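Visitor:
Residue numbers (my numbering): 3 to 710.
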């Protein structure tokens with residue numbers, strides 16, 4: 003095989019910084035400066051028209067700017083200073099809204115820049131035949147097409163997304179996951195997908211390209227994190243439509259108020275007509291500018307919270323559905339349990355004591371390289387200080403019998419002793435071959451362990467049963483408490499396992515899940531999801547194998563492991579870069595926080611507008627109907643001061659709420675009724691009270707500074 007010295011070594015991605023930090027990064031001066039620049043760039047009407055509420059504010063700002071220029075020329079409808087002040091704060095309202103969106107986008111732009119550094123042009127070793135040792139041609143990575151094959155070895159950068167078709171290697175994926183620990187990639191199974199831009203640390207792989215240039219996984223991530231391809235979610239679209247409807251209604255109302263005011267003055271022969279400047283200020287204060295300005299930032303910040311936890315949401319609908327999920331399907335192994343059964347107890351029989359059984363079980367497990375076998379050795383060492391290893395240090399004449407899936411047992415022969423350890427039926431067959439009898443109490447012990455959800459392994463010496471080793475799935479610490487939280491949120495948890503119903507029942511009871519599906523197959527998983535969806539439930543599940551793809555495609559929120567197969571990743575609408583199955587619980591919590599934040603700020607915005615009605619409407623029409631001055635219960639200094647104070651407050655409240663929009667409303671696992679009550683009390687009542695105090699304070703400042 004042709005060698006290229008330039009492709010050896012650590013490769014150019016060495017030292018790539020963590021792309022997705024666990025903690026929220028601090029925003030530096032540079033980020034704020036860029037956000038301010040983007041806020042001005044977003045004033046482009048072609049951009050502003052995407053947000054109908056703020057587009058109307060911008061049009062109003064342009065109109066009052068023209069009126070201000072007219073006033074400066076001596077033909078104004080009011081004092082130039084008053085029109086100019088209103089115009090300034092209307093423009094600031096638009097800029098503050100743009101600034102909130104730009105600030106939310108800033109993290110994504112920084113992450114996208116880091117990812118682009120990882121997605122560099124590299125040389126690919128293109129193969130014509132998928133065989134180790136075959137000749138290859140060096141081509142640029144951008145020249146690789148779908149279904150091409152390439153070879154990578156230690157030190158090489160993987161040039162494109164693909165599926166491993168031969169070999170096994172350790173791969174550094176820190177460029178995309180931020181995790182320094184390498185992962186194993188191999189052909190077949192559920193760990194065969196590789197990502198362009200990652201680096202091979204050891205051994206070699208032959209890979210088939212699965213994505214065309216510019217359409218790889220890294221390219222999709224870049225588009226998502228920088229917001230270039232962010233699509234509005236269904237609820238966000240619905241809320242935007244509602245806000246646009248409110249805006250149109252108030253726009254029509256304000257347009258009709260001018261002729262009505264003119265008519266009233268002419269008929270009553272008193273007062274002066276309302277000015278266009280005041281009408282524009284009235285319109286801006288009436289329409290839902292607060293939530294209109296913050297809504298894009300809330301959506302972007304919600305996506306950012308997923309990204310900072312190494313979750314790539316490929317669908318806006320999935321992000322929203324995550325907040326409404328009420329059924330979680332969780333795989334038992336690796337999610338609810340640690341993933342490997344562990345020895346927890348030695349149960350001797352007859353005259354055999356526990357230490358004697360532990361010693362025999364340890365000797366029989368020295369050649370068992372499975373996690374279960376190693377756990378037996380560890381337990382014997384911890385309980386009795388027994389040590390040993392299968393190797394050159396063992397006495398001569400010792401013959402080890404390694405564990406295999408065919409025999410389902412392991413053992414050792416030494417000094418005329420034959421020790422075996424394995425599954426109940428395998429050891430029973432071995433004992434019968436030896437012509438020995440089985441103790442009657444053995445079956446009862448085995449059944450007792452099985453009913454408790456454990457796995458019994460029988461230990462025999464020279465055909466005589468010594469006792470049983472109890473293996474069990476270890477439920478992860480804290481998982482039961484998390485399921486209790488889910489239950490408080492109204493979410494049903496369902497454990498999926500291939501175990502028999504007895505074992506599944508025991509694990510489900512210990513973990514605290516609401517239900518379980520035992521002896522699960524791809525067909526039964528798919529059927530279960532459809533049954534829940536037919537009942538009006540929203541279902542979330544995780545998966546990493548090809549056999550999970552049908553169920554993932556059917557689920558409302560489908561999370562594929564990044565280590566999984568290509569079919570699983572294509573069927574999912576979210577990908578967990580860390581391949582942590584328990585992340586599904588976090589996904590639901592993040593989704594609910596996004597919905598809570600949007601709901602809370604919408605409630606505050608509407609309540610906030612109601613309060614402003616009581617302030618600005620009497621002030622706006624005081625010139626037409628002087629009697630309305632009696633409604634000035636806040637004792638604002640003048641009608642002009644009241645209008646200006648309301649406009650200033652309307653702009654400043656957007657800036658004040660930006661941190662909450664970016665950080666999100668603190669999440670607490672409570673029921674829907676409690677959540678609604680708290681939302682109304684805190685944000686509904688708060689939205690009613692805050693404007694009165696804020697507008698009065700601004701009025702006092704304007705008077706003190708002699709600006710009104």
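Glycine is no exception: its CB is placed at the ideal position from the N, C-alpha and C atoms. Values in this document were obtained by computation on a predicted structure and should not be read as measured data.
Note the first and the last residue of the continuous alpha helix (DSSP H) segment covering residue 650.
Guide: Its alpha helix (DSSP H) spans residues 641-665.
Visitor: Could you pull the start and end residues of the alpha helix (DSSP H) that residue 604 belongs to?
Guide: 585-622 is the extent of the alpha helix (DSSP H) around residue 604.
Visitor: With DSSP collapsed to three states, give me the class of residue 468.
Guide: Looking at residue 468 - three-state DSSP - the assignment turns out to be strand.
Visitor: Specify the secondary structure class of residue 544 as computed by DSSP and reduced to three states.
Guide: If DSSP states are grouped into helix, strand and coil, residue 544 belongs with the strands.
Visitor: Pick out whichever of 41, 692, 623, 313 has its Cα sitting closest to the Cα of residue 579.
Guide: Residue 579 has its Cα closest to that of 313, out of 41, 692, 623, 313.
Visitor: Would you identify the three-state DSSP class for residue 626, choosing helix, strand or coil?
Guide: Of the three classes helix, strand and coil, the one that applies to residue 626 here is coil, per DSSP.
Visitor: Check whether the stretch 611-622 touches the stretch 590-597, taking contact to mean three or more Cβ pairs, one atom from each stretch, closer than 8 Å.
Guide: Not touching, per the Cβ criterion.
Visitor: Answer yes if the stretch 632-641 comes into contact with the stretch 692-710, meaning at least three C-beta pairs across the two stretches below 8 Å, and no otherwise.
Guide: Touching, per the Cβ criterion.
Visitor: Among the candidates 129, 329, 308, 622, whose CA atom is the shortest distance from the CA of residue 537?
Guide: The option with the nearest alpha carbon to residue 537 is 329.
Visitor: In angstroms with no decimal places, state the Cα-to-Cα distance between residue 103 and residue 38.
Guide: Their backbone Cα atoms lie some 10 Å apart in a straight line.
Visitor: Only counting the same chain, and skipping five residues up and downstream in sequence, which positions put a Cβ closer than 8 Å to that of residue 437?
Guide: Once the five neighbours on either side are set aside, the close Cβ partners of residue 437 are 465.
Visitor: Give me whichever residues DSSP pairs with residue 494 in a beta bridge.
Guide: Looking at the DSSP assignment, residue 494 forms a beta bridge with 329.
Visitor: For residue 204, which residues of its own chain have a beta-carbon under 7 Å away from its beta-carbon, when the five flanking residues on both sides are left out?
Guide: So the list reads 156, 171, 172, once near-sequence residues are dropped.
Visitor: Taking the alpha-carbon positions, what's the residue 496 to residue 131 distance?
Guide: Taking the straight line from one Cα to the other gives about 46 Å.
Visitor: Tell me whether residue 436 sits in a helix, a strand or coil according to DSSP, three-state version.
Guide: Three-state DSSP puts residue 436 in coil, outside helix and strand.
Visitor: On the three-state DSSP scale, how would you describe residue 474?
Guide: The answer is strand: DSSP assigns residue 474 an E or B state.
Visitor: Which residue wins for smallest C-alpha separation from residue 417, given the options 378, 463, 515?
Guide: That would be 463, whose Cα lies nearest to the Cα of residue 417.
Visitor: Is residue 160 helix, strand or coil by DSSP?
Guide: Coil at residue 160, not helix or strand.
Visitor: Looking at residue 268 and the ligand FMN, is the gap between the Cβ and the nearest heavy atom below 7 Å?
Guide: This structure does not include the ligand FMN; it has no bound ligands of any sort.
Visitor: If contacts are defined as beta-carbon pairs under 8 Å, then residue 162 and residue 189 qualify, I think. What distance do you get, rounded to the angstrom?
Guide: Incorrect: roughly 17 Å between the Cβ atoms, too far for contact.
Visitor: If you compare alpha carbons, which of 140, 152, 492, 310 is closest to residue 540?
Guide: Ranking the options by Cα distance to residue 540, first place goes to 492.
Visitor: So within the stretch 674-703, which uninterrupted alpha helix (DSSP H) runs reach at least 4 residues, ignoring any that extend past its ends?
Guide: The stretch 674-703 contains these whole alpha helix (DSSP H) runs: 674-681.
Visitor: With a threshold of 8 Å, are at least 3 pairs of Cβ atoms found where one atom belongs to the stretch 500-515 and the other to the stretch 370-387?
Guide: Too few Cβ pairs lie closer than 8 Å, so no.
Visitor: Pick helix, strand or coil for residue 141, following the three-state DSSP scheme.
Guide: Strand.
Visitor: Tell me the start and end of each unbroken beta strand (DSSP E) in the stretch 516-545 that is at least 3 residues and wholly inside, in chain order.
Guide: Listed in chain order, they are 517-519, 541-545.
Visitor: Please report how far the alpha carbon of residue 445 lies from the alpha carbon of residue 458, in whole angstroms.
Guide: For residue 445 and residue 458, the distance between alpha carbons rounds to 10 Å.
Visitor: Spatial neighbours of residue 295 within its chain, please: C-beta separation below 7 Å, excluding the five flanking residues on both sides.
Guide: Counting only Cβ-Cβ distances below 7 Å, and skipping sequence neighbours, we find 56, 98, 99, 102, 656.
Visitor: From 498, 503, 513, 546, pick the residue whose C-alpha is nearest to that of residue 529; which is it?
Guide: Closest by alpha carbon: 498.
Visitor: Quick check: the Cα distance between residue 230 and residue 302, rounded to an integer number of angstroms?
Guide: Here residue 230 scores only 43 on pLDDT, less than 50, and its place in the model should not be relied on; the value that follows carries that caveat. Straight-line Cα distance between these residues: approximately 11 Å.
Visitor: Apply the 10 Å Cβ neighbour rule to residue 197 and answer buried if 16 or more other Cβ atoms are within range, or exposed otherwise.
Guide: Buried is the call here.
Visitor: Report yes or no: do the stretch 69-86 and the stretch 273-289 share at least 3 C-beta pairs separated by less than 8 Å?
Guide: They touch, by the three-pair rule.
Visitor: Need the endpoints of the beta strand (DSSP E) that residue 424 sits in, please.
Guide: Counting along the chain, the beta strand (DSSP E) containing residue 424 begins and ends at 419-425.
Visitor: Do the CB positions of residue 184 and residue 168 come within less than 8 Å of each other?
Guide: Going by C-beta atoms, residue 184 is not nearer than 8 Å to residue 168.
Visitor: Taking the straight line between their C-alpha atoms, what separation do you get for residue 604 and residue 128?
Guide: Their backbone Cα atoms lie some 55 Å apart in a straight line.
Visitor: Apart from the five residues on each side of it in sequence, which residues of its chain come closer than 7 Å, Cβ to Cβ, to residue 520?
Guide: Excluding residues within five positions, the ones whose Cβ falls inside 7 Å are 499, 501, 502, 503, 506.
Visitor: By DSSP, does residue 128 sit in helix, in strand, or in coil?
Guide: Three-state DSSP puts residue 128 in a strand.
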